[in-house]
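Participant:
Protein chains in written order, with my numbering: chain X, 148 to 607; chain P, 78 to 288.
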């Protein structure tokens with residue numbers, strides 16, 4: 148079981164905890180504490196090693212993250228109160244957390260379980276474009292992802308319009324858009340013949356009402372699916388978010404906690420980003436009763452996480468979580484480049500490689516800085532997940548992964564700021580058949596061959 | 078103690094020490110306008126470092142806070158000597174339904190430290206509130222940020238209400254935020270799309286010049 152049994156105590160604290168002006172929370176409470184912990188635990192970023200192997204530092208990151216959560220707490224912007232937790236509550240939550248869940252249903256059910264560092268078991272692969280698409284491409288794109296053999300879970304594209312109406316958060320169009328979103332996704336799964344595939348839905352819901360509207364075990368988000376509850380950067384929540392986690396628990400589906408520590412923001416550099424990411428897993432567990440944590444630390448300017456200053460905290464956070472807990476957590480890739488570019492394929496490979504050997508499950512892949520409509524496809528997710536399976540099966544070490552990551556980085560990191568935007572979905576996929584074009588597939592195979600020569604033994 | 082020391086204190090975000098030194102320098106007869114000009118240049122250099130992420134958000138925030146503290150000390154003396162040039166008045170906020178404000182806060186800081194008067198409305202701001210506050214302040218700009226695609230219509234709503242009230246021409250409407258783009262700005266009829274905080278001090282006056 149997760150820690151939902153504490154929900155009402157958490158909600159109570161969100162209303163009665165220590166008062167603090169929101170303006171003061173980050174500069175006077177969060178940042179000074181983080182800065183002190185980086186120094187206390189001697190956390191030091193090493194740009195030469197995007198996939199570090201320092202077990203001792205990973206354990207110190209864990210300790211620092213624990214203290215960060217305990218000493219800073221979690222701020223509710225609606226009540227201006229801080230939700231604080233004690234050591235024993237964190238310990239209890241970690242003891243009660245399950246190290247595995249069966250998600251999805253029937254023949255499509257999958258096991259998601261805790262991974263160790265350099266685990267020979269492949270990661271659980273959730274695929275998602277993470278972006279918005281035109282209404283006319285939505286179902287095709289859902290189907291295209293569901294055609295991916297390594298997909299264990301799907302988080303579908305986001306709708307901006309529903310039946311010609313612009314979707315507005317909190318309004319009736321959002322309710323309609325959310326229903327359309329889940330029905331497209333479920334219909335695609337049924338048509339493909341994997342009707343009970345695990346789904347994380349619905350990204351179209353920005354407001355809690357949109358999520359609540361699709362809780363229906365017959366036609367909507369089922370109890371074998373998951374929903375996400377986000378965080379406000381950094382370490383802040385609001386009633387609309389607490390509404391979600393309570394609703395998910397009461398409805399009976401799985402809860403994932405969605406957080407993205409910002410490199411260059413209040414986390415500072417790579418060290419603070421690693422610590423904050425780990426702390427968010429504890430927050431997801433204790434505050435929201437999450438069964439898994441979905442992390443997407445990203446660069447403030449690039450809105451990506453495939454450059455070395457982000458790969459390092461991903462690798463460090465993965466090892467910290469893996470070595471010190473039995474939690475479940477997915478690493479969400481954010482690339483600079485767009486679809487059907489060699490750069491994007493290299494970026495996803497580096498992200499999946501480093502994440503997999505450091506204990507993460509995979510969530511691939513937000514392309515084109517997660518900004519542009521229609522600019523993501525399943526093919527980059529395919530490569531990431533093939534890399535994940537391959538490096539797990541070949542029992543790749545962190546040292547080996549580090550060397551390959553450096554070789555991949557050498558091919559793209561100088562283009563992070565001006566990465567090519569590539570193509571839109573309909574330009575590199577046959578929309579009617581939901582399949583990649585020949586040109587797109589050729590590029591995929593070419594880059595895969597190149598990566599294979601670096602030492603990744605693809606399984607097929 | 079010198080202007081150089083004041084610069085250093087502001088750069089390091091030592092607000093209280095900077096305020097004390099600014100007071101002292103005033104008593105020593107240093108021109109307040111000269112102090113502001115020097116500190117503004119320092120802030121621009123800090124802004125450049127932040128743009129390249131050679132320093133991070135907490136550092137620039139502290140620096141901005143220190144500069145604001147010094148400006149507060151110097152303001153009465155600046156008024157006496159003709160005042161500091163105000164480049165424009167801005168109401169800024171995050172649109173209705175959106176709770177993400179890190180980008181808005183960075184733009185606000187950059188504008189404030191570059192000679193703009195900024196009223197921050199916070200986040201989850203009703204479209205009409207933007208307009209009422211802009212009218213009350215006699216603002217030049219209404220700047221709105223959106224981080225989510227489903228809250229972007231709030232930026233359109235601001236423009237629609239301005240049109241409905243017959244006051245569209247009174248304000249320059251600026252939009253920004255991760256999912257927004259020049260294409261979206263053109264589509265809704267915004268006057269300026271601000272892609273990066275760093276470009277705001279140059280782009281805002283340029284739009285005003287076209288008034």
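For every residue, glycine included, the Cβ atom is placed at its ideal position computed from N, Cα and C. Please read these numbers as outputs of a predicted model, since none were measured by experiment.
In this structure, does DSSP put residue 148/X in helix, strand or coil?
Facilitator: For this step, residue 148/X is matched to residue 1 along the first chain. The predicted position of residue 148/X is uncertain, since its pLDDT is 45 and thus under 50; no value can be drawn from it.
Participant: Nearest chain X C-beta to residue 120/P closer than 8 Å, yes or no?
Facilitator: Indexing the second chain from 1 puts residue 120/P at position 43. At a cut-off of 8 Å, the C-beta of residue 120/P has no neighbouring C-beta in chain X.
Participant: Does the stretch 244-259 of chain X come close enough to the stretch 447-460 of chain X to have 3 or more Cβ pairs within less than 8 Å?
Facilitator: In this structure the stretch 244-259 of chain X does not lie against the stretch 447-460 of chain X, because fewer than three pairs of beta carbons, one per stretch, are closer than 8 Å.
Participant: Could you give the DSSP three-state label for residue 249/X: helix, strand or coil?
Facilitator: The residue labelled residue 249/X in the question sits at position 102 within the first chain. Three-state result, residue 249/X: strand.
Participant: Can you pull the chain P residues whose beta carbon is under 7 Å from the beta carbon of residue 403/X, in chain order?
Facilitator: If you number the first chain from 1, residue 403/X lands on position 256. Here the premise fails: no neighbours, minimum Cβ distance about 18 Å.
Participant: At least one CB of chain X closer than 8 Å to the CB of residue 207/P: is that the case?
Facilitator: Here residue 207/P is taken as the residue at index 130 of the second chain, counted from 1. It does not: the Cβ of residue 207/P has no partner Cβ on chain X nearer than 8 Å.
Participant: With distances taken Cα to Cα, identify the nearest neighbour of residue 282/P among 185/P, 273/P, 166/P.
Facilitator: The count along the second chain starts at 1 and reaches residue 282/P at position 205. Checking every option, the nearest Cα to that of residue 282/P belongs to 166/P.
Participant: Could you say which of 272/X, 265/X, 228/X lies nearest to residue 539/X if we only look at CA atoms?
Facilitator: Taking the first residue of the first chain as 1, we reach residue 539/X at position 392. Ranking 272/X, 265/X, 228/X by Cα distance to residue 539/X puts 265/X first.
Participant: Within 8 Å (strictly less), CB to CB, does residue 475/X reach chain P?
Facilitator: The residue given as residue 475/X occupies position 328 in the first chain. Not an interface residue.
Participant: Does DSSP classify residue 124/P as helix, strand or coil?
Facilitator: Taking the first residue of the second chain as 1, we reach residue 124/P at position 47. It is helical.
Participant: Using 10 angstroms around the beta-carbon of residue 86/P, count the other beta-carbons present and answer buried if the total reaches 16, otherwise exposed.
Facilitator: Mapped onto the second chain, residue 86/P falls at position 9. Counting Cβ neighbours within 10 Å, residue 86/P comes out buried, since at least 16 surround it.
Participant: Please go through the same chain and pick out, in chain order, the residues whose beta-carbon is closer than 6 Å to the beta-carbon of residue 164/P, but skip the five residues on each side of it.
Facilitator: The residue you call residue 164/P lines up with position 87 of the second chain. The residues are 192, 193, 282.
Participant: Would a C-beta distance cut-off of 8 Å place residue 207/P and residue 249/P closer than the cut-off?
Facilitator: Residue numbering aside, residue 207/P sits at position 130 when the second chain is read from its first letter. Residue numbering aside, residue 249/P sits at position 172 when the second chain is read from its first letter. No, the pair does not count as a contact, with Cβ atoms beyond the cut-off.
Participant: Let me know if residue 102/X comes out buried or exposed under the rule of 16 or more other beta-carbons within 10 Å of its beta-carbon.
Facilitator: No information on residue 102/X is available, as it lies outside the stretch 148 to 607 that chain X covers here.
Participant: Which residues of chain X have a Cβ atom closer than 7 Å to the Cβ of residue 174/P, listed in chain order?
Facilitator: One-based indexing of the second chain puts residue 174/P at position 97. Per Cβ cutoff of 7 Å: 316, 317, 353, 354.
Participant: Tell me whether the beta-carbon of residue 508/X lies closer than 8 Å to the beta-carbon of residue 271/X.
Facilitator: Translated into the one-based positions of the first chain, residue 508/X becomes position 361. Translated into the one-based positions of the first chain, residue 271/X becomes position 124. For residue 508/X and residue 271/X, yes; Cβs fall inside 8 Å.
Participant: Leaving out five residues before and five after residue 148/X in sequence, what residues of the same chain have Cβ atoms less than 8 Å from its Cβ?
Facilitator: Indexing the first chain from 1 puts residue 148/X at position 1. Legend: pLDDT at residue 148/X = 45, less than 50; position of this residue unreliable, value from coordinates given subsequently. So the qualifying residues of the chain are 243, 245.
Participant: For the stretch 140-170 of chain P, which residues have a beta carbon sitting closer than 9 Å to at least one beta carbon of chain X?
Facilitator: 142
Participant: Which partner residues does residue 476/X have in the DSSP bridge list?
Facilitator: By one-based count along the first chain, residue 476/X stands at place 329. BP columns for residue 476/X point to 440/X.
Participant: Use the C-beta contact count for residue 221/P: other C-beta atoms within 10 angstroms, 16 or more gives buried, fewer gives exposed.
Facilitator: As a first step, residue 221/P must be located in the second chain, where it is residue number 144. Residue 221/P should be labelled buried.
Participant: Return no unless some Cβ of chain P is closer than 8 Å to the Cβ of residue 174/X.
Facilitator: Working through the first chain from its first residue, we reach residue 174/X at position 27. Yes, because at least one Cβ of chain P sits closer than 8 Å to the Cβ of residue 174/X.
Participant: Between the stretch 244-269 of chain P and chain X, which residues of the former have CB atoms less than 7 Å from a CB of the latter, in chain order?
Facilitator: 255, 256
Participant: If we ignore side chains and look at the alpha-carbon of each, how far apart do residue 128/P and residue 275/P end up?
Facilitator: The residue given as residue 128/P occupies position 51 in the second chain. The residue given as residue 275/P occupies position 198 in the second chain. Cα to Cα, the separation comes out at about 7 Å.
Participant: Compare the C-beta of residue 278/P against all C-beta atoms of chain X and say whether one is closer than 8 Å.
Facilitator: Here residue 278/P refers to the residue found at position 201 when the second chain is read from its first residue. Chain X, which has no Cβ nearer than 8 Å to the Cβ of residue 278/P, makes this no.
Participant: For a contact meaning CB atoms closer than 9 Å, what does residue 409/X contact in chain P?
Facilitator: In the first chain, the residue the question calls residue 409/X occupies position 262. Going along chain P in sequence order, the residues near residue 409/X (Cβ under 9 Å) are 134, 179.
Participant: Could you tell me whether the stretch 392-405 of chain X touches the stretch 363-380 of chain X, using the rule of 3 or more Cβ pairs below 8 Å?
Facilitator: Between the stretch 392-405 of chain X and the stretch 363-380 of chain X there are three or more inter-stretch CB-CB distances shorter than 8 Å, so the stretches are counted as touching.
Participant: If contact means a Cβ-Cβ distance below 7 Å, which residues of the stretch 372-395 of chain X contact chain P?
Facilitator: 379, 380, 385
Participant: Just verifying my parser: in three-state terms, what is the DSSP assignment at residue 87/P?
Facilitator: Against the second chain, residue 87/P aligns to sequence position 10. Reduced to three states, the DSSP call for residue 87/P is helix.
Participant: Starting from residue 194/P, trace the beta strand (DSSP E) in both directions and tell me its first and last residue.
Facilitator: Translated into positions along the second chain, residue 194/P becomes position 117. Segment 193-197, the beta strand (DSSP E) holding residue 194/P.
Participant: So with CB distances below 9 Å, who are the chain X contacts of residue 92/P?
Facilitator: Translated into positions along the second chain, residue 92/P becomes position 15. Residues of chain X passing the Cβ test: none, with the nearest at roughly 11 Å.
Participant: Taking the alpha-carbon positions, what's the residue 206/X to residue 463/X distance?
Facilitator: Mapped onto the first chain, residue 206/X falls at position 59. Mapped onto the first chain, residue 463/X falls at position 316. Those two C-alpha atoms are separated by around 9 Å.
Participant: Cα separation between residue 443/X and residue 518/X?
Facilitator: For the purposes of this step, residue 443/X is taken as residue 296 along the first chain, with counting starting at 1. For the purposes of this step, residue 518/X is taken as residue 371 along the first chain, with counting starting at 1. About 14 Å.
Participant: Smallest Cα separation from residue 491/X: which of 470/X, 338/X, 511/X, 326/X?
Facilitator: Within the first chain, residue 491/X is the residue found at index 344, counting from 1. Among 470/X, 338/X, 511/X, 326/X, the Cα nearest to that of residue 491/X belongs to 511/X.
Participant: Can you give, in chain order, each stretch of the beta strand (DSSP E) that sits fully within the stretch 202-253 of chain P and has at least 3 residues?
Facilitator: 218-222, 249-253
Participant: Throw me the rounded Cβ distance for the residue 117/P and residue 190/P pair, which I believe falls under 8 Å.
Facilitator: Translated into the one-based positions of the second chain, residue 117/P becomes position 40. Translated into the one-based positions of the second chain, residue 190/P becomes position 113. With 8 Å as the limit, residue 117/P and residue 190/P qualify as a contact, their Cβ atoms being about 7 Å apart.
Participant: Checking 8 Å against the spacing of the C-beta atoms, do residue 353/X and residue 307/X come in under that value?
Facilitator: What you label residue 353/X is simply residue 206 of the first chain in a count that begins at 1. What you label residue 307/X is simply residue 160 of the first chain in a count that begins at 1. The answer is no: Cβ separation not under 8 Å.
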